[in-house]
Amino acid sequence: MAASNYHLDRLSFLVIDDNAYMRRIIRSILHGLGIRNVFEAEDGASGFEAMGHHSPDIVILDMLMPIFDGIEFLNLIRTPTNEHAFIPIIVVSAHLEKERISAARNAGANEFLAKPVSSDQLLNRILNIIENPRPFVNATNYFGPCRRRTAIKRKGPERRLNNDEKFLVPMATQV
C-alpha cells in the first residue's frame with residue numbers, strides 16, 4: 308500500500324541516536340513524509356526517560372550508543388510488565404554483521420535498517436509495521452515481536468499473543 312493511504316501525520320516518533328547529525332537526517336526524512344511529532348534522545352538512557360514523557364507510536368533506535376546501547380534499551384523495553392513493551396522499534400545501524408542483526412532481532416526489534424538511511428527504506432519499514440504487525444511471543448527466554456518473517460506450522464501450544472491478548476499481559480502480571 309502507498310503511504311498516501313495512511314495518516315502518517317498522526318504518528319509520533321522517538322529517534323534515539325548519539326549522533327546529532329543522524330537524528331537531524333531522520334527527522335528531515337520523517338518531516339518529508341508529513342510526520343511532525345518527532346522527539347529525540349541522544350542515548351539509550353535519555354531515550355528510556357523520553358518514552359515516559361512522550362509515549363511514541365514508533366521508536367527509531369541506533370544500535371551503538373554510550374550510556375546504554377540499543378540492545379540494552381530493547382532489553383529494558385521488551386518485558387511483559389513494561390507499559391511500552393509493544394511499541395514498534397526500528398533499529399538502525401551502520402554495523403551490518405550477521406551477529407549484530409541477530410542480536411537486535413533477538414532483543415525484540417521489529418525492523419532493522421542499514422545506515423545510511425534513505426527515505427524509501429524508512430518508509431518501507433514504517434509501512435511494514437503498519438501493514439504487517441507481528442504477533443508478540445511470550446516465551447521463557449523471549450518477550451517481543453515474532454522473529455519469523457513467514458508463518459510455519461508448529462506442533463505444541465501457541466505462545467504468540469494476538470492483538471487482544473497482548474494488552475492483557477501487563478495487567479495479568481500486576482495482579
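All residue numbers for the sequence shown refer to my numbering, where the first residue is 308 and numbers rise by one.
All residues carry an ideal CB built from backbone N, CA and C; glycine is no exception.
### Query
In terms of DSSP beta bridges, what is P452 paired with?
F443
### Task
Take the Cβ of N417 as the centre, count every other Cβ of all protein chains shown within 10 Å, and call the residue buried at 16 or more, exposed below.
buried
### Message
My output table needs one value for N344: the three-state DSSP class, helix, strand or coil.
### Response
strand
### Message
Looking at the secondary structure, which residues open and close the alpha helix (DSSP H) in which A352 lies?
### Response
G351 to H361
### Query
Is it right to say A348 is buried, meaning 16 or more other beta carbons lie within 10 angstroms of its own, or is it exposed?
Classification for A348: buried.
### Task
Compute the Euclidean distance between the alpha carbons of A392 and D325, then round it to the nearest angstrom.
Approximately 22 Å, taken between the alpha carbons.
### Task
Tell me whether E390 sits in a helix, a strand or coil according to DSSP, three-state version.
coil
### Query
When the Cα of F375 is compared with those of L321, N389 and F355, which residue comes out closest?
The option with the nearest alpha carbon to F375 is F355.
### Query
Three-state secondary structure (DSSP) at S400?
strand
### Distance, F419 Cα to A411 Cα
8 Å
### Query
What first and last residue would you give for the beta strand (DSSP E) that runs through D369?
I365 to D369
#### Entry: Three-way DSSP call (helix, strand, coil) for S425 in this model
Looking at S425 - three-state DSSP - the assignment turns out to be coil, as it is neither helix nor strand.
#### Entry: Whether S319 touches N344 by CB criterion (8 Å)
Contact: yes.
### Query
Per DSSP, what kind of secondary structure is I374 in: helix, strand or coil?
coil
### Query
Since I323 sits in a beta bridge, which residues does DSSP pair it with?
A348 and L368
### Message
Rounded to the nearest angstrom, what separates L337 and H314 at their Cα positions?
### Response
13 Å
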